[in-house]
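>
Numbering (my numbering), first residue to last: 107 to 734.
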């Protein structure tokens, strides 16, 4: 059987690098709530904005002003500057005639803001030439709240009403500046791409003042990783690589380049190239040779390694940007069985949907592990040319539809078109597509291979905040909060990833509730899926034959009214195909040649260029479905 990794589709638009965002007309009729690191939570077409500068919308709130009315942008910017020496500005005022030590300096921006908004609460640091005790004595009676003693510099951090600053101007020897957020040079996570902000994953990065909790380990089952690069803090967050590839040649690190790209999307931290979970550790498991070929048995061995080391390495997420070339019922496929073992043991499994979709209609998602009903299968989203969601669409080659067993896939979509990620300069992927190199060590590629790690990183950030959650709960939280894609109500699953919204979920539903009824304990004490019982139930239950996933859209469902924890499969919608007409003997186990070598999904292009590889025509348009 052949394994195919789900990408990359190589493509770029305009000049090399990320497409530039466009400024949208403020009169846009769209009004869906948005949330990202640039704007925070906002209303399209409205005036509410919330981000690191302004805090909550309308009544501006941030680290400088606290909560309340609007302040001058000029004042805020000035307040964030470093204080100049005492007496160095006309805004300083001498409180006495006794000399330099008696001058008091207040940052000009604070004074400007106080004049406009005297009732605002300010977060400031007050230094005194007489030390912290003297500073506290001089603010006594002003209603200031001391938050912290800073004896090292003879200061206190306080909250004070802006209008009280004028009283402090009359005191001696004070330096008053904003207690503003600090960006640590070289360690702040940011991206010059739009996808972290559109998908909302950037909201989980935290800040220097409010760091994100430590994320669990993400296992990347792929072609290995080039660990010693800025994307992974020069290897500090990469665990020792596990090499399980049986095929040769297989260079040390990542001879193909695909695994490094995937890992940089999931957990990169290079300046300008932050991934979805830049504080997560990465476990690279190499199952591919330098051409992207692999054996199914090697991928299953990777699952076994993850299971054996789950607790010791804190592995909570596993990413599979690959799929088999054989098509089977999920309960027969060995790779599906392997990923289910991970899922049942507490590892959230993310799988790429595949790049064989067409504009003609549903292609189906027919290959393991993306066809497994338990795992989270991810389609590719084209985020358009703006930070807003109204121009988002599903990439035309992203696979979608029903599995052999009638399950609708993918469950969710995430950015996967025109992505920029890390690739070793010596990788075969680089040499095969030099026209897609946008900078030394970085390429622009497309594919569901790169949508999956976005969700993997989002899942890691959720688990960092909810370490007791099960994979079912993580899946439920991500599906519950997905944003609808009006132009593609079915091909993108329940909608596009909205990680910022998911971070606010406290009681997620369980989308796998019906299937969990068929989980049993095997002779070795492990949890497995009782396929025989499930098949018997399906064949005898007429509701399965009549139901259609299209009849009950997750994106349109009222989650407050739907109790997925108590829902039965008979209540849910399934395949448009009649179960009575399905041939359970089709694509039988006997038809699959498991001895065949496996291979990657074609390196597919969206622009004219060098001769294409497997799965795409010479023009780089609609890729062909993988062989059976």
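C-beta: ideal position from N, C-alpha, C; glycine also.
Note that the structure is predicted; figures quoted are calculated from it, not measured.
Helix or strand or just coil, what does DSSP make of residue 233?
strand
> Alpha carbon to alpha carbon, how far is residue 248 from residue 455? Give it in angstroms, no decimals.
56 Å
> State the DSSP-derived secondary structure class of residue 543, mapped to helix, strand or coil.
strand
> If I measure Cβ to Cβ from residue 419 and keep anything under 7 Å in the same chain, skipping five residues before and after, which residues do I get?
323, 345, 389
> For a test of the three-state rule: what should DSSP assign to residue 451, helix, strand or coil?
coil
> Are three or more beta carbon pairs between the stretch 573-592 and the stretch 613-624 nearer than 8 Å?
yes
> Which runs of the alpha helix (DSSP H) fall wholly inside the stretch 495-568 and span at least 4 residues, in chain order?
534-538
> Quickly, what does DSSP pair residue 585 with across the bridge? List them, please.
In the DSSP output, where bridge partners are listed per residue, residue 585 has none listed.
> To the nearest angstrom, how far is the alpha carbon of residue 376 from that of residue 307?
16 Å
> Keeping to the same chain, check which residues put their C-beta closer than 6 Å to that of residue 359; ignore five residues upstream and five downstream.
330, 332
> Taking only three categories from DSSP, how would you classify residue 622?
helix
> Would you give the residue range spanned by the alpha helix (DSSP H) that residue 489 belongs to?
Element bounds for residue 489: n/a, residue is neither H nor E.
> Check whether the stretch 471-484 and the stretch 493-503 touch, using three or more Cβ-Cβ pairs below 8 Å as the test.
no
> Give the C-beta separation of residue 568 and residue 603 to the nearest angstrom, bearing in mind that I take them to be a contact with Cβ-Cβ under 8 Å.
So it is not a contact: roughly 11 Å between Cβ atoms.
> Could you check which residue in 449, 506, 645, 532 has the C-alpha nearest to that of residue 741?
As shown, the chain starts at 107 and ends at 734. That puts residue 741 outside it, with no answer to give.
> By DSSP, does residue 425 sit in helix, in strand, or in coil?
Note: residue 425 maps to strand in three-state DSSP.
> Just the C-alpha distance for residue 230 and residue 261, rounded to the nearest angstrom, thanks.
Straight-line Cα distance between these residues: approximately 10 Å.
> Determine the closest residue to residue 256 out of 442, 577, 350, 234, with distance taken between C-alpha atoms.
234
> How do the stretch 211-225 and the stretch 265-275 stand: do at least 3 beta-carbon pairs fall below 8 Å, yes or no?
yes
> Beta carbon of residue 470, beta carbon of residue 509: below 8 Å?
Between residue 470 and residue 509, the CB-CB gap stays under 8 Å.
> Along the chain, where does the alpha helix (DSSP H) containing residue 406 start, and where does it finish?
402-419
> Compute the distance between the beta-carbons of residue 391 and residue 348, then report whether it is under 8 Å.
Closer than 8 Å, so yes.
> Kindly indicate which three-state DSSP category residue 252 falls into: helix, strand or coil?
strand
> Report yes if the CB atom of residue 530 is closer than 8 Å to the CB atom of residue 381, and no otherwise.
no
> Taking the alpha-carbon positions, what's the residue 516 to residue 341 distance?
Straight-line Cα distance between these residues: approximately 33 Å.
> Within the same chain, show all residues whose beta-carbon is closer than 8 Å to that of residue 228, passing over the 5 residues directly before and after it, in chain order.
170, 171, 172, 216, 219, 220, 265, 266, 267, 268, 271, 284
> Do residue 513 and residue 475 have their C-beta atoms closer together than 8 Å?
no
> Tell me whether the beta-carbon of residue 436 lies closer than 8 Å to the beta-carbon of residue 473.
no
> Could you spell out where the beta strand (DSSP E) holding residue 328 opens and where it closes?
323-328 is the span of the beta strand (DSSP E), which, as asked, contains residue 328.
> With DSSP as the reference, label residue 223 as helix, strand or coil.
In this structure, residue 223 counts as coil in the three-state DSSP scheme.
> Could you tell me the distance, in whole angstroms, from the CA atom of residue 326 to the CA atom of residue 535?
18 Å
> Going by DSSP, what residues sit across from residue 394 in a beta bridge?
Its beta-bridge partners are 400.
> Taking residue 280 as part of the beta strand (DSSP E), name the residues at either end of that continuous run.
280-284
> State the CB to CB distance for the pair residue 558 and residue 425, rounded to an integer number of angstroms; the pair is presumed to be in contact (CB under 8 Å).
6 Å
> Does the Cβ of residue 279 lie closer than 7 Å to at least one heavy atom of the ligand MN?
Among the ligands in the structure shown, none appear at all, so the ligand MN cannot be discussed.
> Exposed or buried, residue 244, counting other C-beta atoms within 10 Å across all chains shown (16 or more means buried)?
With 16 or more other Cβ atoms from the protein chains shown falling within 10 Å of its own Cβ, residue 244 counts as buried.
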